[in-house]
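So for the sequence shown, full-length UniProt numbering puts the first residue at 1; every next one is plus one.
Yeah, the Cβ is synthetic: ideal placement off N, Cα and C, and Gly gets one too.
One structure is given here, and the rest of the page talks about it.
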Amino acid sequence: MIRRALCFPSFIRKSLLIPPVISPYSNSSSKIGAYNGYASQTSSLEHFGHGQLNPYGNIHLSPSAAVLNYGQGLFEGTKAYRKENGQLLLFRPEQNAIRMKSGAQRMCMEAPSVDQFVNALKQTALANKRWVPPPGKGSLYLRPLLIGSGAVLGLAPAPEYTFLIYASPVRNYFKEGSAPLNLYVEENFDRASRRGTGSVKTISNYAPVRTCIPDYVPVLMAQLRAKKNGFSDVLYLDSATKKNLEEVSSCNIFIAKGRCISTPGTNGTILAGITRKSVIELARDHGYEVEERAVAVDELMEADEVFCTGTAVGVAPVGAITYQNTRMEYKTGSGTICQELYNTLLGIQTGVIEDKKGWIIEID
């Protein structure tokens, strides 16, 4: 693979990586051997400089790096798609850049500019073009990371930062593939609390979550427990009242009744997903009423459909949700709102449907 890194004058480095995994779309004996990264160095008071491509490899960090000691880190996720003519497409990458800059401000970090972010994604995707699956077979997942790489012993923002992007060809996020999801409503563990960082895509949101029982446990514990019991993932409730829906572990949630679609509003505890934002706009274009509001967990009992949205999952149907030992089932498959929105979104992302919104960036 090829790595590309960005550097700050004082020392902020940005790089893009693809992990050394076996590609399902190449000879099974060959590994991904290159990735595109963007690196630049500078102090936290300066701007990221020009990046460069390097062979894939481990990154060097001080044991006292802020990201290791205080969790000062952010990440994003987006995908590159291949058209029938071989051209690569990126979906709304500037939205990822804007969200990272907003998150960086909340986490007291420096961030690359929107142009630097998007340019790094382009170069990474191009450098790994051969790993982008054929049309209809998947996509190249791109993971930008911004971490406090500078050494700091006392509790304080890092003196330097590293921006990385790594990538890997992917198929479907959930093991069921395109099968409907089976969710479990978690009442003991909280994903986020008010006035916290639930709306920020920080690395510290995805390992620990607050629990009503011990002190802090990994969100992975709740997820693994649910999967052990046969569920796809966990659906969290708000930490204050335990009466309203929040998010699934890694995606936003929508419910539909008739031609009305509802999704929890972004009130500070919910991540403002880019796929979520896009689906809301597409749904309104299709004539649906869309409400962003507090959605009571009891509304699951009356919903016709439930679906999730996210970069990894796309628009994924939920076939069943279990809440307080009651299993509720929903419409899935052909003729559903979820399928209609999935087809439209994926069509735009892959170039099958004309992009009239300016969401797609073509890479030559």
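Exercise. Could you check the C-alpha separation between Gly49 and Ala283 for me, to the nearest Å?
Key: About 40 Å.
Quiz prompt | Neighbourhood of Ile98 by C-beta distance below 8 Å, restricted to the same chain and skipping five residues each side | solution = Scanning its chain for C-beta atoms nearer than 8 Å, with the 5 sequence neighbours on each side dropped, one finds around Ile98 the residues Val114, in chain order.
Self-check item: Beta-carbon spacing of Ser232, Leu181 below 8 Å
Solution: Yes. Within cutoff.
Practice problem: Give the secondary structure of Tyr70 by DSSP, where H, G and I count as helix, E and B as strand, and everything else as coil. | Solution: Annotated three-state conformation of Tyr70 is helix, per DSSP.
Quiz item: What is the rounded straight-line gap between the Cα of Met301 and the Cα of Gln339?
Solution: The alpha-carbon atoms of Met301 and Gln339 are separated by roughly 21 Å.
Quiz item: So what does DSSP say about Leu282, is it helix, strand or coil?
Solution: Helix.
Practice problem: Output the boundary residues of the alpha helix (DSSP H) element that contains Arg293. | Solution: Per DSSP, Arg293 is not a residue of any alpha helix (DSSP H); the beta strand (DSSP E) it occupies stretches across Glu289 to Arg293.
Quiz item: Where does Pro24 land, buried or exposed, given buried means 16+ other C-beta within 10 angstroms?
Solution: Only weak support is given to the placement of Pro24: the predicted model assigns it a pLDDT of 24, under 50, and the value that follows is read from those uncertain coordinates. By the beta-carbon neighbour count (other beta carbons within 10 angstroms, threshold 16), Pro24 is exposed.
Quiz prompt | Spatial distance of Val352 from Ala80 (CA atoms) | solution = Distance from the CA of Val352 to the CA of Ala80, rounded to the nearest whole angstrom, comes to 14 Å.
Quiz item: Checking contacts by CB at 8 Å: is Phe231 closer than that to chain B?
Solution: Although the question refers to chain B, the structure presented lacks it and comprises just one protein chain.
Self-check item: Which residues DSSP lists as bridging residue 376, in chain order
Solution: Since the displayed the chain opens at 1 and closes at 364, residue 376 lies outside it and no answer follows.
Self-check item: Ala222 to Phe75 span [Cα, whole Å]
Solution: Taking the straight line joining both Cα atoms gives about 22 Å.
Practice problem: Excluding the 5 residues preceding and the 5 following Pro317 in the sequence, name in chain order all residues of the same chain whose CB lies nearer than 6 Å to its CB. | Solution: Same-chain partners within the cutoff: Pro180, Phe307, Thr332 and Cys338.
Quiz item: Once you ignore the five residues that flank Ala125 on each side, which residues in its own chain have a CB closer than 8 Å to its CB?
Solution: So the qualifying residues of the chain are Asn36, Ala80, Leu88, Leu90, Val132, Leu140, Leu142, Ala167 and Ile363.
Quiz item: Pro159 to Gly103, Cα distance in whole Å?
Solution: Roughly 17 Å separates the two Cα atoms.
Quiz item: Going by other Cβ atoms of all chains shown within 10 Å of its Cβ, with 16 needed for buried, is Asp238 buried or exposed?
Solution: The residue in question, Asp238, is buried, as its Cβ has 16 or more Cβ neighbours within 10 Å.
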